[in-house]
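Protein chains in written order, with UniProt numbering: chain C, 1 to 370; chain G, 1 to 226.
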Amino acid sequence: MAEGIEIRLDHVTKRYPGQKAAAVDDFSMVVPAGQIVVFVGPSGCGKTTTMRMINRLIEPTSGTITIGGEDALGIDPDDLRRRVGYAIQQAGLFPHFTVAQSIGIVPGLLGWDKKRIAARVEEMMDLVGLDPGEYADRFPRQLSGGQQQRVGVARALAADPPVLLMDEPFGAVDPITRGHLQDELLRLQNELRKTIVFVTHDFDEAVKLGDRIAVLGDRSTILQYDTPDAILANPADDTVAGFVGAGASLKALTLTRVRDVELGQAVTARSDADPSTVELGDEKFLLVLDQRDRPLRWVHLKELKNARSLAVAGRPVQDSVTLQSTLRDALEAMVNEGGRAVVTGSRGEYVGTVDLATVTDVVQRLRASA
Amino acid sequence: MDANFEGGAARMNVLQYVADRWDRLSLQAFLHVSAVVQCTVLATVLGVAIGVAVYRSPAGSALATALASTILTIPSFALLALLIPVFGLGANTTVVALVLYALLPIVRNTVVGLAGVDPAVSDAARGIGMSRFGVLARVELRLAWPAILAGMRVATQMLMGIAVIAAYAKGPGLGSEVFSGLANAGSANSMNQALTGTIGVVILALLLDGVYVLVNRFTVSRGVRG
């Protein structure tokens with residue numbers, strides 16, 4: 001499997017004839033091997049133009065681009081594009097090609113034999129979570145938007161390119177599907193370690209997906225090129241800050257998982273325990289667990305005194321988070337619960353709690369470290 | 001001449017007339033269809049080539065469509081009269097005239113079909129490494145094909161009628177029946193002759209239209225069929 005290779009853009013400029021200002025002005029950047037770099041910026045800032053110069057759908061006016069040390073401008077453009085995966089908004093699927101045909105295009109262009117293509121198509125469909133038996137012979141119009149995007153990603157990955165260019169690939173699907181597709185891309189990237197250049201105008205998407213984010217301004221000037229937490233904590237200037245938008249601290253919380261913070265512990269008791277035997281100490285609340293240690297109810301100090309059975313006392317735990325949840329999810333659970341959020345493990349068992357103090361600590365630490 | 005109506009005494013009905021002259025009529029019908037189909041195919045090759053050449057430029061598209069429209073406004077009699085001095089009487093003139101008339105619907109539909117291909121699809125095709133020709137042949141023309149086929153269908157229907165007029169230039173087909181029927185109006189079988197020619201053309205046109213439905217069924221991908 002081809003792991004990612006470094007992309008280097010050096011003083012790349014694109015000037016369209018008859019236009020005074022360059023569309024992309026003296027753009028230099030190193031995209032590290034195996035990382036996701038997100039170009040984010042307002043519409044018309046030249047981020048897509050910049051990306052399209054990497055696979056030469058747009059020819060740069062001047063400057064050099066190397067991919068894995070090889071001069072991209074010295075390779076036949078068609079050959080270059082067969083070696084660089086490309087996925088775009090609304091997938092750009094061919095309406096007259098079935099899913100299997102679509103995914104098999106690039107391997108076919110590269111001259112693979114039929115057997116190898118068929119095996120690869122099946123492998124790719126499994127990879128993006130489409131059952132080959134059910135979907136291989138479907139046409140794009142018989143797929144949902146999310147499924148089309150999956151096929152688009154599978155098509156881009158079919159010939160196992162080390163580099164992947166993605167132009168707002170999840171821009172045209174509903175927010176829930178977009179979230180799923182983003183999660184899946186991260187999961188794929190965990191396995192594949194490609195070098196991915198990802199263009200979006202959605203800063204939240206950039207924060208979620210990017211190992212590094214390049215915030216671009218007019219004529220594709222790089223306003224800031226850094227890790228998401230560094231940009232959130234320390235925007236380079238007012239324009240970047242404006243783009244980061246309100247609630248940068250809240251966004252930073254999506255960068256931290258519950259498993260990465262120190263969990264608090266509540267006083268717990270099994271639901272069949274005798275209420276009079278429970279010792280709360282300094283705590284005001286008791287967390288009641290079922291026989292398999294799953295959280296059931298919160299019982300207040302006062303309610304405990306009069307309670308006959310812990311199975312019905314207090315109020316039920318309505319919202320909990322897992323170790324994989326982000327701190328932002330945890331914060332939401334706290335708001336819903338009106339206090340601490342209960343954290344559960346992989347089998348739903350109680351492992352600890354997160355409280356507001358933990359969250360504010362994390363925000364302050366992110367600020368300080370960046 | 002057949003003995004049955006020598007002297008113009010015996011008037012026949014149309015069916016008798018057809019049965020009686022089946023050999024000659026079926027040959028004329030075959031030649032008629034053959035001329036129309038061949039001219040449509042020729043016009044398709046030319047028309048698609050023209051469409052491919054101009055579809056990227058709005059000015060080129062407009063010019064090609066306008067030129068083809070202009071040809072269509074020339075009355076067929078006049079066009080034949082203009083062509084006879086150049087190509088002589090017979091099949092040549094007929095073929096040239098029919099191809100010229102068939103060009104408009106085909107060129108126009110090719111241009112419309114190609115221009116109607118979603119730019120994102122062409123862009124993706126190029127972006128994943130298809131050659132310029134590959135994009136055209138495997139994606140753009142395949143997606144424009146239903147429109148091109150519709151243009152061919154209109155052209156064929158039109159040519160079935162115009163091919164009748166081509167008998168004026170001594171072209172092949174059922175036109176000679178209609179013409180001699182009209183020329184000898186009042187004689188015993190003139191009505192039968194004109195009717196046979198006309199109805200024959202109509203029936204053949206309907207049959208050809210049926211063929212187009214089948215061609216559409218077998219050549220248009222299920223992914224884009226309405």
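Glycine included, C-beta positions come from ideal geometry on N, C-alpha and C. Predicted model, so just to flag it, every value in this text is computed and none were measured.
query: Does DSSP classify G/Met-12 as helix, strand or coil?; result: coil
query: What does the alpha-carbon distance come out to for the pair C/Leu-289 and C/Val-321?; result: 16 Å
query: Anyone know if the C-beta pair for C/Thr-50 and C/Arg-8 falls short of 7 Å?; result: no
query: Our contact map puts C/Arg-259 next to C/Gln-324 with C-beta atoms below 8 Å; I'd like the distance itself, whole angstroms only.; result: 7 Å
query: Do C/Tyr-350 and C/Pro-316 count as a contact pair if the criterion is CB distance below 7 Å?; result: no
query: Any chance the CB of G/Gln-16 is under 6 Å from a heavy atom of the ligand MN?; result: No copy of the ligand MN occurs in the structure displayed, which carries no ligand at all.
query: Quick one: which residues of the region 92-124 of chain C get their C-beta closer than 9 Å to a C-beta of chain B? List them in chain order.; result: Looking for chain B here will not work: the only protein chains present are C and G.
query: For the region 183-202 of chain C and the region 163-173 of chain C, state whether three or more C-beta atom pairs, one from each stretch, are separated by less than 8 Å.; result: yes
query: Listed from N- to C-terminal order along the chain, which residues in the region 126-138 of chain G have their beta-carbon within a distance smaller than 9 Å of any beta-carbon of chain C?; result: Arg-126, Gly-127, Ile-128, Gly-129, Met-130, Ser-131, Arg-132, Gly-134, Arg-138
query: For C/Ile-88 versus G/Ala-124, is the C-beta distance shorter than 7 Å?; result: yes
query: Using a Cβ-Cβ distance cut-off of 7 Å, determine whether G/Arg-142 contacts chain C.; result: yes
query: What first and last residue would you give for the alpha helix (DSSP H) that runs through C/Phe-285?; result: Element bounds for C/Phe-285: not the alpha helix (DSSP H) but the beta strand (DSSP E), 285-289.
query: At what residues does the beta strand (DSSP E) containing C/Gly-129 begin and finish?; result: Looking at the DSSP string, C/Gly-129 is not in any beta strand (DSSP E), and its letter there is neither H nor E.
query: Exposed or buried, what is C/Ser-220 when buried is set at 16 or more other beta-carbons lying within 10 Å of its beta-carbon?; result: buried
query: Identify which residue in G/Asn-189, G/Leu-100, G/Gly-116 has its Cα closest to the Cα of G/Leu-67.; result: G/Leu-100
query: Mind listing the chain G neighbours of C/Arg-155? Cutoff is C-beta to C-beta under 9 Å, in chain order.; result: Ala-124, Ile-128
query: In the DSSP assignment, the beta strand (DSSP E) including C/Pro-295 goes from what residue to what residue?; result: 295-300
query: Going by the CB atoms, is the gap between G/Leu-159 and G/Gly-200 shorter than 7 Å?; result: no
query: Taking its Cβ as the centre, do 16 or more other Cβ atoms sit within 10 Å of C/Ile-105, making it buried, or is it exposed?; result: buried
query: Does the CB of G/Val-224 have a neighbour CB from chain C at under 7 Å?; result: yes
query: How about G/Asp-2: is its C-beta nearer than 7 Å to some C-beta of chain C?; result: Caution is warranted here: a pLDDT of 46 is assigned to G/Asp-2, below 50, making its placement in the model unreliable, and no coordinate value can be reported.
query: Is it true that the region 135-155 of chain C meets the region 115-126 of chain C, where meeting means three or more beta-carbon pairs spaced less than 8 Å apart?; result: yes
query: Quick one: which residues of the region 69-93 of chain C get their C-beta closer than 9 Å to a C-beta of chain G? List them in chain order.; result: Pro-77, Asp-78, Asp-79, Leu-80, Arg-81, Arg-82, Arg-83, Val-84, Gly-85, Tyr-86, Ala-87, Ile-88, Gln-89, Gln-90, Ala-91, Gly-92, Leu-93
query: Shorter than 7 Å from the beta carbon of G/Ser-69 to some beta carbon of chain C?; result: no
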